[in-house]
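Chemist: The numbering of the sequence shown is the working numbering, which starts it at 20 and goes up by one.
Beta carbons: idealized from backbone N, C-alpha and C, even for Gly.
Have a look at this one.
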Amino acid sequence: MTTLLHNRIEAGQLLASRLTGYANCPDGIVLALPRGGVPVAFEIARKLRLPLDVCLVRKLGVPGHKELAMGAIAPNDVTIVNRDVVNWLHISPETIEQVAEQEKKELARRDRAYRGNRPYPEIRDRTVILVDDGIATGATMRAAIAALRQQHPKEIVVAVPVAAPSVCQELRTEVDKLICLRKPEPLHSISLWYEDFSQTTDEEVRDLLERAERELMVMK
Numbered sequence: 020m021t022t023l024l025h026n027r028i029e030a031g032q033l034l035a036s037r038l039t040g041y042a043n044c045p046d047g048i049v050l051a052l053p054r055g056g057v058p059v060a061f062e063i064a065r066k067l068r069l070p071l072d073v074c075l076v077r078k079l080g081v082p083g084h085k086e087l088a089m090g091a092i093a094p095n096d097v098t099i100v101n102r103d104v105v106n107w108l109h110i111s112p113e114t115i116e117q118v119a120e121q122e123k124k125e126l127a128r129r130d131r132a133y134r135g136n137r138p139y140p141e142i143r144d145r146t147v148i149l150v151d152d153g154i155a156t157g158a159t160m161r162a163a164i165a166a167l168r169q170q171h172p173k174e175i176v177v178a179v180p181v182a183a184p185s186v187c188q189e190l191r192t193e194v195d196k197l198i199c200l201r202k203p204e205p206l207h208s209i210s211l212w213y214e215d216f217s218q219t220t221d222e223e224v225r226d227l228l229e230r231a232e233r234e235l236m237v238m239k
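Here is the structure:
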């Protein structure tokens, strides 16, 4: 039986212990998928003494069933479509475009809310540890990977607490390394594998990003 993770903090600490080879990496950076990925990534960045930032991606939820991803978008017009879901539910291109336009507005809002006036970090030739609190369909993570690839990083390492085994297998071909703590089959829902999966707020995201920046400056 798969042991439940207590919360995102514990998940980040456990992942950090699997990533010690990246500690103090001179070109390393930890990027979190907000919002739930940020508390996980904060623990990793703190343990490895690496800078922390966010990688903004938005899931494209099926109208009426928003938890079901028909795709995802990322900055620079990156769009990933989950063809299995789209074909199964006979979703039109117009519907996908309509939802994508709504989510682009939310991407812009989150960028202002989380980053403020801080510029997006330089990614070229850097080692990126990409973190979320779990992977269900993989659409959101694929959009994040595609957006990062456009910026030519040296290495992309995906680190997640829980994901479906089949999704892990597929994603391994798209990144340099993938670390996953729990691979339950069937997954059903990411929240089932945490004792505490309470929602992360915008305020928590901002606070953790600011704390990470302060702590890194003290360490230096």
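Could you check which residue in Val57, Leu33 and Arg65 has the C-alpha nearest to that of Cys44?
Modeler: Here residue 44 corresponds to residue number 25 of the sequence shown, with the count starting at 1. Nearest option by C-alpha distance: Arg65.
Chemist: Would you tell me roughly how many angstroms separate the C-alpha atoms of Glu116 and Ala162, rounded to the nearest one?
Modeler: Counting from one through the sequence shown, the residue named residue 116 turns up at place 97. Counting from one through the sequence shown, the residue named residue 162 turns up at place 143. Distance between the alpha carbons of Glu116 and Ala162: 16 Å.
Chemist: If we ignore side chains and look at the alpha-carbon of each, how far apart do Gly40 and Gln170 end up?
Modeler: Counting from one through the sequence shown, the residue named residue 40 turns up at place 21. Counting from one through the sequence shown, the residue named residue 170 turns up at place 151. About 24 Å.
Chemist: Near Val105, what residues of its chain come up, given a Cβ to Cβ distance below 8 Å and the 5 sequence neighbours on each side ignored?
Modeler: For this step, residue 105 is matched to residue 86 along the sequence shown. Met89, Gly90 and Ile115, listed in sequence order.
Chemist: Nearest CA to the CA of Pro53: which residue from Thr219, Asp226, Val176 and Arg233?
Modeler: If you number the sequence shown from 1, residue 53 lands on position 34. If we check each option's Cα against that of Pro53, Thr219 comes out closest.
Chemist: Taking C-alpha atoms, which residue in Glu229, Tyr139, Ile63 and His25 lies nearest to Ala166?
Modeler: As a first step, residue 166 must be located in the sequence shown, where it is residue number 147. Nearest C-alpha to Ala166: Tyr139.
Chemist: I'd like to check one pair, Ala132 with Asp221: are the Cβ atoms closer than 7 Å?
Modeler: For the purposes of this step, residue 221 is taken as residue 202 along the sequence shown, with counting starting at 1. For the purposes of this step, residue 132 is taken as residue 113 along the sequence shown, with counting starting at 1. Yes, the pair counts as a contact, with Cβ atoms nearer than the cut-off.
Chemist: In this structure, does DSSP put Leu75 in helix, strand or coil?
Modeler: Position 56 of the sequence shown holds residue 75. Coil.
Chemist: Taking the alpha-carbon positions, what's the Gly31 to Gly55 distance?
Modeler: Your numbering for residue 31 matches position 12 in the sequence shown. Your numbering for residue 55 matches position 36 in the sequence shown. When rounded, the distance between both Cα atoms is 11 Å.
Chemist: Got a sec, what are the start and stop residues for the alpha helix (DSSP H) Val100 sits in?
Modeler: Here residue 100 refers to the residue found at position 81 of the sequence shown. From DSSP, Val100 is part of no alpha helix (DSSP H) but of the beta strand (DSSP E) over Val97 to Val100.
Chemist: Suppose only complete runs of 4+ residues qualify. What are the alpha helix (DSSP H) ranges in the region 110 to 198, listed by chain order?
Modeler: Counting only runs of 4 or more, we get 112 to 134, 158 to 168 and 184 to 191.
Chemist: Pick helix, strand or coil for Glu29, following the three-state DSSP scheme.
Modeler: Residue numbering aside, residue 29 sits at position 10 when the sequence shown is read from its first letter. Note: Glu29 maps to helix in three-state DSSP.
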